[in-house]
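Q: Would you mind keeping the following structure in view while I ask a few things?
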Amino acid sequence: MAIGGDVLLEVSGVWKSFEGHPVLRGLDMHVTAHQVTALIGASGSGKSTLLRCINALIPVDAGDIVLDGSIAITAIDADIDQIRRTVGIVFQSFNLFPHMSVLDNIALAPRKVLGQTRDQATDSALQLLDRFGLRSKSGEYPDRLSGGQAQRVAIMRALAMQPQLMLFDEITSALDPLLVDEVLDVVRELKQSGLTIVMATHEMQFASEVADQVCFVREGIVWERGAPQDLFMSPQREETQQFLARMHR
Amino acid sequence: MAFLAPPPGSEIPFADPRRVRALQKRARRNALTGVGSLLAFVAIIAVVLTHTPGWPVVQDTFFNAQQFTSTFPDLLSAFMLNVQIFITAEPLILILGLAVAMGRTLHAPIFLPIRVVCMVYVDVFRGVPTILVIFLLGFGVPALRLQGVPNGAVFWGTAALVLSYGAYVAEVFRAGIASVHPSQTMASRSLGLSAWQTNRYVVLPQAVRNVLPPLLNDFISLQKDTALVAVLGPVEVLRQAQIDSSSSFNYTPYVGAAIIFIALTIPMTRLADWVQTRSNRQRRQQAVN
Numbered sequence: 040m041a042i043g044g045d046v047l048l049e050v051s052g053v054w055k056s057f058e059g060h061p062v063l064r065g066l067d068m069h070v071t072a073h074q075v076t077a078l079i080g081a082s083g084s085g086k087s088t089l090l091r092c093i094n095a096l097i098p099v100d101a102g103d104i105v106l107d108g109s110i111a112i113t114a115i116d117a118d119i120d121q122i123r124r125t126v127g128i129v130f131q132s133f134n135l136f137p138h139m140s141v142l143d144n145i146a147l148a149p150r151k152v153l154g155q156t157r158d159q160a161t162d163s164a165l166q167l168l169d170r171f172g173l174r175s176k177s178g179e180y181p182d183r184l185s186g187g188q189a190q191r192v193a194i195m196r197a198l199a200m201q202p203q204l205m206l207f208d209e210i211t212s213a214l215d216p217l218l219v220d221e222v223l224d225v226v227r228e229l230k231q232s233g234l235t236i237v238m239a240t241h242e243m244q245f246a247s248e249v250a251d252q253v254c255f256v257r258e259g260i261v262w263e264r265g266a267p268q269d270l271f272m273s274p275q276r277e278e279t280q281q282f283l284a285r286m287h288r
Numbered sequence: 008m009a010f011l012a013p014p015p016g017s018e019i020p021f022a023d024p025r026r027v028r029a030l031q032k033r034a035r036r037n038a039l040t041g042v043g044s045l046l047a048f049v050a051i052i053a054v055v056l057t058h059t060p061g062w063p064v065v066q067d068t069f070f071n072a073q074q075f076t077s078t079f080p081d082l083l084s085a086f087m088l089n090v091q092i093f094i095t096a097e098p099l100i101l102i103l104g105l106a107v108a109m110g111r112t113l114h115a116p117i118f119l120p121i122r123v124v125c126m127v128y129v130d131v132f133r134g135v136p137t138i139l140v141i142f143l144l145g146f147g148v149p150a151l152r153l154q155g156v157p158n159g160a161v162f163w164g165t166a167a168l169v170l171s172y173g174a175y176v177a178e179v180f181r182a183g184i185a186s187v188h189p190s191q192t193m194a195s196r197s198l199g200l201s202a203w204q205t206n207r208y209v210v211l212p213q214a215v216r217n218v219l220p221p222l223l224n225d226f227i228s229l230q231k232d233t234a235l236v237a238v239l240g241p242v243e244v245l246r247q248a249q250i251d252s253s254s255s256f257n258y259t260p261y262v263g264a265a266i267i268f269i270a271l272t273i274p275m276t277r278l279a280d281w282v283q284t285r286s287n288r289q290r291r292q293q294a295v296n
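Going down the list, the sequences are from chains A and B.
So the first sequence is residues 40 to 288, counted in this note's numbering.
So the second sequence is residues 8 to 296, counted in this note's numbering.
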């Protein structure tokens, strides 16, 4: 490992095909605790599929994903519920529950999965809303929120489960450019607080600012990886150079 | 200018009064034309109908005022039995339909029997005409002379309606469950909620809201089908109309029964329309976000 610290997530030789079309082709990746890993790469390169495999939302075809040295996410008899309690994920399209208020969106899983009382869950949810400046929206329904607010609520909903690892799947891609910053600010704050984050993103500027490690995913494998200054300033492989050139044009 | 426009950029909404007046005038004219045309149409139909050679016979057979006033009170009180059947059946249908729809979503291997039973139930009762189910249960079960089982025609007629409509309503609920986007399930599961919890807290509440209009439709249909129980003998409104009509050889009682059904279903259809429009509007709003 080039980057020091404890390895929280170890992905080795992961394969995943959809209808005979391989999306992940033996992908390897290590994620160090309390660091931010940015996954960059073209659409369809396998970033989202990888994140969904890590959250056990889709089963892998081959390979291992091990969390915290002991939890085998890819084992046939894995405790899926425990994995999902430990690993949070936020999607590009928010996926808030439209029939629940902001507060209930955040408090549902802590109550039903962690067994918190309604008061406990409400208190923690309100603390999160305070921390990210959305207290005034606690009683609103998702259709009354802007995209940026909705995505921040989605992040809080995942945070309420106090995950050890947080996955962000292109969380700013569906947003109006003016709203991107308010969501990225949340990610900055989470990095400060020491949360381990893996994020698929097209925001190169942001990736170079917050990431400790950047992985360029291409054709289902990590094509090149490195610290952001190395990977962005002096990419070693031709395909990485071409991708970055296209992103910066 | 006879009016003063506010300065550009003003907070107060502003419309040109001349424009507003012209639009109002046009709206009044349109309303008058519509009403006038409708009245003329009704008048023409009425004149043509009443001047047809056969009209007096038709009027006497179907719209006999004296027959109507003498039979209508009996019809109304007989209709209370339809209302009773309907009010008993409706909640039972909802419970049965929801249970069956949920049963079909259980995918754990241990629940295979439940899934199979639900599937067979829906296939059978959606395929068999309601009136056949009523005959089967209403005449068949009492013929078995089982101990401790009610033999009443109303009981078995209602049971048949519940079984028949339960299958339809189960399919309506199933369509509702399918109408909730898979990303909702994914989001819920990703938070660690179990399949059951996901159904209970995320999918079903949205599904029920989505299928409210078709559910109301099925209940309008059920209101009418309470008349099918007449084949078993109990004197509900259709049976009563039949009795009245056969004693006088006049069909006005049937028309009276029809009027009673219409009086009940029209408010229900309007309610269903209103719910439909409202849920369309909500969905459009959600689509914007």
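Heads up, the beta-carbon is just placed ideally off N, CA and C, and yes, glycines get one too.
All values reported here derive from a predicted model rather than from experimental measurement.
Please report whether the beta-carbon of V218(B) lies at a distance below 8 Å from any beta-carbon of chain D.
A: The structure shown contains no chain D; its protein chains are A and B.
Q: Using the beta-carbon count (16 or more within 10 Å), is F70(B) buried or exposed?
A: exposed
Q: With a threshold of 8 Å between beta carbons, is V90(B) in contact with chain A?
A: no
Q: Starting from H60(A), trace the beta strand (DSSP E) in both directions and tell me its first and last residue.
A: H60 to T71
Q: Using a Cβ-Cβ cut-off of less than 8 Å, list which residues of the segment 197-218 of chain B approach chain A; keep chain order.
A: Those residues of the segment 197-218 of chain B that come within reach of chain A (Cβ to Cβ, closer than 8 Å) are S197, L198, G199, L200, S201, Q204, Y208, V209, P212, Q213 and R216.
Q: Would you mind working out which of G65(A), V70(A) and H69(A) sits nearest G85(A), comparing C-alpha positions?
A: The alpha carbon of G85(A) has as its nearest neighbour, out of G65(A), V70(A) and H69(A), the alpha carbon of G65(A).
Q: Starting from E49(A) and walking both ways along the beta strand (DSSP E), at which residues does that stretch end?
A: V46 to F57
Q: Does the beta-carbon of V295(B) have 16 or more other beta-carbons within 10 angstroms, so that it is buried, or is it exposed?
A: Because the pLDDT at V295(B) is just 48, under 50, the model does not fix this residue reliably, and the value given afterwards should be weighed accordingly. With fewer than 16 other Cβ atoms within 10 Å, it is exposed.
Q: When DSSP builds the beta bridges, which residues end up paired with V126(A)?
A: Answer by DSSP bridge pairing, in chain order: L204(A).
Q: State the CB to CB distance for the pair Q247(B) and L82(B), rounded to an integer number of angstroms; the pair is presumed to be in contact (CB under 8 Å).
A: 5 Å
Q: Mapping DSSP to helix, strand and coil, what is M139(A)?
A: coil
Q: Just the chain B side, please: which residues come within less than 7 Å of F57(A) by C-beta, in chain order?
A: Near F57(A) there are no residues of chain B at all, since even the closest Cβ is about 15 Å away, more than 7 Å.
Q: Please decide whether M200(A) counts as near chain B, where near means a Cβ-Cβ distance under 8 Å.
A: yes
Q: Following the continuous beta strand (DSSP E) through G102(A), name the residue where it begins and the one where it ends.
A: A101 to L106
Q: Please classify P137(A): is it buried, with 16 or more other beta-carbons within 10 angstroms of its beta-carbon, or exposed?
A: Buried is the call here.
Q: Counting only beta-carbon separations shorter than 8 Å, does V226(A) have a partner in chain B?
A: no
Q: With 8 Å as the threshold, decide whether the Cβ of M193(B) is near any Cβ in chain A.
A: yes
Q: My guess is that V179(B) and V218(B) are in contact by the Cβ rule of under 8 Å, so how many angstroms apart are they, rounded?
A: 5 Å
Q: With a threshold of 8 Å between beta carbons, is S286(B) in contact with chain A?
A: no
Q: Can you have a look at E301(A) and say buried or exposed, based on whether 16 or more other CB atoms are within 10 angstroms of its CB?
A: Because chain A in this structure spans residues 40 to 288, residue 301(A) falls outside the shown range and cannot be described.
Q: Measuring CA to CA, which of V54(B), F86(B) and F48(B) is closest to A237(B)?
A: F86(B)
Q: Return the residue from the list V215(B), V64(B), A166(B) and S201(B) that minimises the CA-CA distance to A185(B).
A: V215(B)
Q: Tell whether a beta-carbon distance below 8 Å holds between I112(A) and I93(A).
A: yes
Q: Among R277(B), W281(B) and I227(B), which one has its Cα closest to the Cα of V90(B)?
A: I227(B)
Q: Expressed to the nearest angstrom, what Euclidean distance is found between the alpha-carbon atoms of Q31(B) and I267(B)?
A: 40 Å
Q: Can you tell me whether A239(A) is helix, strand or coil according to DSSP?
A: strand
Q: State the beta-bridge partners of R33(B) as determined by DSSP.
A: BP columns for R33(B) are empty, so no partner.
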